[in-house]
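Below is one structure; the comments refer to it alone.
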Amino acid sequence: MTAAYRPRPSVVRRDSGLYGYERALARRGFTPVAGVDEAGRGACAGPLVVAAVVLGREIDGLTDSKLVAEPTRERLYDQVLASAKAVSVVVIPPEEIDSRGLHKCNIAGMRRAVAGLEIDLGYVLIDGFPVPGLPAPSLAVWKGDQVAACVAAASIVAKVTRDRMMHALDGVHPEYGFAEHKGYVTPAHRRALGVHGPTPHHRFSFVTVARVTRGSPLRDASPWARQDGDMRENEVGAGVV
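First residue of the sequence shown: 5, per this note's numbering; consecutive thereafter.
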């Protein structure tokens, strides 16, 4: 009996460039390829935003959203939306993060973002960690937003979407400086929390917020308040944009 045919694995070289993964997958017939990334995982205020993108063409200068200045991100965001074959964005509010836990929300948000793409997928590239239950084969890519174009595009969309929301929130609560730190833990944000206490947009399950809200009516009335162990776990990575 003839052994079952197995195609040779594709090798993505370090010098293949940002589009190396998509090109390698296309050679094997895995198209289109969606990239998935999130923004706001480490923040102690504001939503978690997850984006999934299927690129339509190559975009000059595309890279991880954390590596470029805000004006460049805005320009790349417009280019991604103008040229992408499909884009899906999921916004997960703080109360859901507190109720379900950060990692569960992240996984669920990535599934929802991929499901929201109105296109039949050949493959999915995910930044960081595997996500089970996707409608196509997938691969978790370490630092995917720096090595895979579609993941970088998703990073840009998620980051710009969330930053705009935090700018809007700054107009409601200017005393916190949300437009500057975007809800991440900074000395200025800690000071504002100490003086003014939390807003409903803060994540009560994060230790930075919990430390200034123990015994406060707002915290005691919050059904999603966590125990200290969960707070410490949720804040791992806080301060990473």
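Positions of the beta carbon are idealized from the N, C-alpha and C atoms, including for glycine.
**Message:** For Asp167, report the span of its alpha helix (DSSP H) as first-last.
**Reply:** What you label residue 167 is simply residue 163 of the sequence shown in a count that begins at 1. Ala153 to Val176 is the span of the alpha helix (DSSP H), which, as asked, contains Asp167.
**Prompt:** Can you tell me where the beta strand (DSSP E) with Leu135 in it begins and where it stops?
**Reply:** Residue 135 sits at position 131 when you count from the first residue of the sequence shown. Rather than Leu, the amino acid found at residue 135 in this sequence is Val. Counting along the chain, Val135 falls outside any beta strand (DSSP E), and DSSP gives it neither H nor E.
**Item:** Environment of Glu42 [buried if 16+ CB atoms lie within 10 Å]
**Value:** Position 38 of the sequence shown, counted from the first residue, corresponds to residue 42. Answer is buried; the Cβ neighbour count reaches 16.
**Request:** Measure the beta-carbon distance from Ala38 to Val54 and round it to whole angstroms, keeping in mind my assumption that it falls under 8 Å.
**Result:** Stepping through the sequence shown from its first residue, residue 38 is reached at position 34. Stepping through the sequence shown from its first residue, residue 54 is reached at position 50. That pair is no contact at about 12 Å.
**Request:** With a cut-off of 8 Å on the beta carbons, I'd call Glu179 and His200 a contact; round off their distance for me.
**Result:** As a position in the sequence shown, residue 179 is number 175, starting the count at 1. As a position in the sequence shown, residue 200 is number 196, starting the count at 1. Correct: roughly 6 Å between the Cβ atoms.
**Asked** Would you report the Cα separation of Val189 and Val151, rounded to the nearest angstrom?
**Response** One-based indexing of the sequence shown puts residue 189 at position 185. One-based indexing of the sequence shown puts residue 151 at position 147. Roughly 27 Å between the two C-alpha positions.
**Asked** Who are the near neighbours of Pro221 in its chain, counting only those whose CB is closer than 8 Å to its CB and skipping five residues on each side?
**Response** The sequence position of residue 221 within the sequence shown is 217, counting from 1. Reliability fails at Pro221, whose pLDDT of 47 lies under 50, so the model's placement of it is uncertain and no value is given.
**Message:** Going by DSSP, what residue range makes up the beta strand (DSSP E) through Ala144?
**Reply:** Working through the sequence shown from its first residue, we reach residue 144 at position 140. First-last of the beta strand (DSSP E) with Ala144: Ser142 to Val145.
**Request:** Give the C-beta separation of Lys216 and Pro204 to the nearest angstrom, bearing in mind that I take them to be a contact with Cβ-Cβ under 8 Å.
**Result:** On the sequence shown, position 212 is the one that residue 216 refers to. On the sequence shown, position 200 is the one that residue 204 refers to. In the sequence under discussion, the amino acid at residue 216 is Val, which differs from the Lys named in the question. No, Val216 and Pro204 are not in contact; Cβ-Cβ is about 15 Å, not under 8 Å.
**Request:** Pick out whichever of Pro36, Ala47, Asp68 and Tyr23 has its Cα sitting closest to the Cα of Gly132.
**Result:** Within the sequence shown, residue 132 is the residue found at index 128, counting from 1. Among Pro36, Ala47, Asp68 and Tyr23, the Cα nearest to that of Gly132 belongs to Asp68.
**Asked** What whole-angstrom Cβ distance do Glu78 and Val164 have, given they're in contact under 8 Å?
**Response** Numbered from its first residue, the sequence shown carries residue 78 at position 74. Numbered from its first residue, the sequence shown carries residue 164 at position 160. That pair is a contact at about 6 Å.
**Item:** Ala73 classed as buried or exposed, judged by whether at least 16 other C-beta atoms fall within 10 angstroms
**Value:** Your numbering for residue 73 matches position 69 in the sequence shown. Exposed, since its Cβ has fewer than 16 Cβ neighbours within 10 Å.
**Message:** With a threshold of 8 Å, are at least 3 pairs of Cβ atoms found where one atom belongs to the stretch 119-130 and the other to the stretch 97-110?
**Reply:** no
**Beta-carbon separation (whole angstroms), Pro139 vs Leu125, contact threshold 8 Å** = Taking the first residue of the sequence shown as position 1, residue 139 is located at position 135. Taking the first residue of the sequence shown as position 1, residue 125 is located at position 121. Rounded, the Cβ-Cβ distance is 6 Å, consistent with contact.
**Prompt:** How would you write the range of the beta strand (DSSP E) that Ile96 sits in, first residue to last?
**Reply:** Position 92 of the sequence shown, counted from the start, is the residue given in the question as residue 96. Residues Ala90 to Ile96.
**Prompt:** Hey, how far is the Cα of Phe208 from the Cα of Ala157?
**Reply:** Your numbering for residue 208 matches position 204 in the sequence shown. Your numbering for residue 157 matches position 153 in the sequence shown. When rounded, the distance between both Cα atoms is 31 Å.
**Request:** Determine the direct distance from the alpha carbon of Cys48 to that of Phe210, and round the result to whole angstroms.
**Result:** Your numbering for residue 210 matches position 206 in the sequence shown. Your numbering for residue 48 matches position 44 in the sequence shown. The straight-line gap from Cα to Cα measures roughly 6 Å.
**Message:** What does the alpha-carbon distance come out to for the pair Gly24 and Leu197?
**Reply:** Taking the first residue of the sequence shown as 1, we reach residue 24 at position 20. Taking the first residue of the sequence shown as 1, we reach residue 197 at position 193. Rounded to the nearest angstrom, the two C-alpha atoms are 44 Å apart.
**Request:** Identify every residue that forms a DSSP beta bridge with Glu42.
**Result:** Residue 42 sits at position 38 when you count from the first residue of the sequence shown. The partner list for Glu42 (beta bridge, DSSP) reads Val54.
**Asked** Is Pro51 closer than 8 Å to Gly44 when the C-beta atoms are compared?
**Response** Residue numbering aside, residue 44 sits at position 40 when the sequence shown is read from its first letter. Residue numbering aside, residue 51 sits at position 47 when the sequence shown is read from its first letter. In contact: Gly44 and Pro51 (Cβ atoms closer than 8 Å).
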